[in-house]
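Undergrad:
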Amino acid sequence: MSDVDTNSQANKLKDMELFTKIQQSKEQGYRQALREAILSMDSCMEAKALQDIGNLRLQKGKHLKDSAEFDKAAALFAAALLRCTDPDMGQTLERRISYMEKLSRQLLQGYTPQLPNDCRSTANNNASRVAACDTMAKRVRKSQHLTEVISTEMLVAAIENRDTLKELEALKSLGDCYLEKGKETSVVSQFSKAATMYNKALAMCDKSDRDLEQTLHDRLSYAEERAAKRELSLDAGIIRTAGASQDHLHPDIQRWE
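Using our numbering, the first residue of the sequence shown is number -9, and each one after it goes up by one.
(1) Reducing DSSP to helix, strand and coil, say where S30 ends up.
(2) Helix, strand or coil for N45? Go by DSSP, reduced to three states.
(3) For R73, is the classification buried or exposed, using 16 other Cβ atoms within 10 angstroms of its Cβ as the cut-off for buried?
(4) Taking the straight line between their C-alpha atoms, what separation do you get for E221 and Q22?
(5) Considering only C-alpha positions, which residue in the set Q204, A70, Y212 is nearest to S33?
(6) Determine the DSSP secondary structure at K152, reduced to helix, strand or coil.
(7) Look up D76 in the DSSP assignment and say whether it is helix, strand or coil.
(8) A213 and F181 look like a contact to me (Cβ under 8 Å); what is the Cβ gap, rounded to whole Å?
(9) Comparing C-alpha positions only, which one of Q14, I12, D56, Q81 sits nearest to A37?
(10) Hey, P103 and A148: beta-carbon distance below 8 Å or not?
(11) Does any residue of chain B bring its CB to less than 8 Å from the CB of A217?
(12) Quick check: Y168 and M187, are their CB atoms within less than 8 Å of each other?
(13) Any heavy atom of the ligand COA closer than 7 Å to the Cβ of A191?
(14) Can you tell which of L29, Q18, L98, E17 has the C-alpha that lies nearest to the C-alpha of H53?
(15) Please identify the residue among K50, N189, S88 whose C-alpha is closest to the C-alpha of L206.
(16) Tell me whether the beta-carbon of G172 lies closer than 8 Å to the beta-carbon of A191.
(17) When you compare each of K183, Q14, R216, E157 to D196 by their alpha carbons, which one comes out closest?
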């Protein structure tokens, strides 16, 4: 191999490393935006975050000429369109999908990103659920303090693969993460976040999957109960503090009611 070829190959590797770093940095921000959109129950922002991640997959597919990345982009754009409530954003997504299909055909010899009709996994069997939970648990145990980040990463991966079961498990895992934070810190907002994630999962849950539905209902009820108890405790503390702050007043001065 000549020096020119060697230098050219080295430059390509450097470009690829830079491209990968930029992609990873952007995706971290988009995943966080997706998580925050779900917590605030903002479907438009949720759609926007999914579109942004889809754009990253499309760029990667174009850069690498990789059909798998085009398929991921297609799944993310479809998920964004499903959540979208804004007509203008909906048109933007439809144009993006058309562009993606055209680009894929040009770069990949006529290949059009597509997924089978039954690609959204709705398997209602304990073995599948146990496998999904086991995968999640292994990831979480490796780095407990990154549970929130890991669960969000797995949520995006599940959406890309249109795997409803793993998407539900990722949402439940996020709910469990916030529930544990609430129990450790007694911060009401953490219980509220947990309830939001459980509600999101319940809305997607196959009603025939009684076990998973019951588990989510139980977690939701527990989170709401803990939040209510904490709020009552805080209210009682405010009243006690207000009463104590008047102990120094002269007997003739009127107290607060």
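Every residue, glycine too, gets a C-beta built ideally from N, C-alpha and C. On a predicted model such as this, the values are computed, not experimentally measured, just so you know.
TA: This is what the structure holds:
(1) S30 carries a coil assignment under DSSP once its states are collapsed to helix, strand and coil.
(2) DSSP places N45 in helix when its eight states are reduced to three.
(3) In the assembly as shown, R73 is a buried residue. Its beta-carbon has 16 or more other beta-carbons within 10 Å.
(4) For E221 and Q22, the distance between alpha carbons rounds to 28 Å.
(5) Considering only alpha carbons, the answer is A70.
(6) Note that residue 152 is Arg in the sequence shown here, rather than Lys. In the structure shown, the three-state DSSP call for R152 is coil.
(7) The answer is coil: DSSP assigns D76 none of H, G, I, E or B.
(8) Sure, about 5 Å apart at Cβ, within 8 Å.
(9) Of all alpha-carbon atoms in Q14, I12, D56, Q81, the one lying nearest the alpha-carbon of A37 is that of Q81.
(10) No, Cβ-Cβ distance for P103 and A148 is not below 8 Å.
(11) Here there is only one protein chain, and chain B is not present.
(12) Contact flag set, yes.
(13) Absence of the ligand COA from the depicted structure is noted, as is the absence of any ligand whatsoever, leaving it without description.
(14) Comparing Cα positions, the closest option is L98.
(15) Distances from the alpha-carbon of L206 to those of K50, N189, S88 put N189 closest.
(16) G172 places its beta carbon 8 Å or farther from that of A191.
(17) When only C-alpha atoms are compared, the closest one is E157.
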